[in-house]
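If you're matching positions, the sequence shown starts at 10 in the numbering used here and goes up one per residue. Virtual Cβ for every residue (Gly too), placed ideally from N, Cα, C. Bear in mind the structure is a predicted one, so any value in this text is a computation, not a measurement.
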Amino acid sequence: METEKSETSIEAERLRQRSKAEARVMVLGGFAILAGVVVLILGVEKSVGGMLVGFGIGYILARGP
Numbered sequence: 010m011e012t013e014k015s016e017t018s019i020e021a022e023r024l025r026q027r028s029k030a031e032a033r034v035m036v037l038g039g040f041a042i043l044a045g046v047v048v049l050i051l052g053v054e055k056s057v058g059g060m061l062v063g064f065g066i067g068y069i070l071a072r073g074p
């Protein structure tokens with residue numbers, strides 16, 4: 010009984026940590042995409058905006074769920 014309880018709490022903690030990490034990835038990637046879109050809209054430097062959008066999408070795809 011005691012070991013079952015500790016195993017479930019360990020599993021729950023792992024899931025919590027994983028969901029935090031996934032949320033962090035999505036937020037960082039989302040900010041990169043947003044910054045890239047803003048740069049593209051302002052027309053300051055199209056290559057920088059494209060790189061930011063590409064980085065955000067790639068980061069989410071590589072490290073996300």
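Is there a Cβ of chain C sitting closer than 7 Å to that of residue i, yes or no?
{"i": "S15", "result": "No chain C appears in the structure shown, which is made up of a single protein chain."}
With residue i as the anchor, note down where its alpha helix (DSSP H) starts and where it stops.
{"i": "V62", "result": "K55 to R72"}
Do you know how far the Cα of residue j is from the Cα of residue i?
{"i": "L49", "j": "S15", "result": "51 Å"}
{"i": "G65", "j": "A32", "result": "14 Å"}
{"i": "A21", "j": "V34", "result": "20 Å"}
{"i": "V47", "j": "Y68", "result": "18 Å"}
For residue i, which of helix, strand or coil comes out of DSSP?
{"i": "G52", "result": "coil"}
What's the call for residue i, buried or exposed, on a 16-neighbour Cβ count within 10 Å?
{"i": "G52", "result": "exposed"}
{"i": "G45", "result": "buried"}
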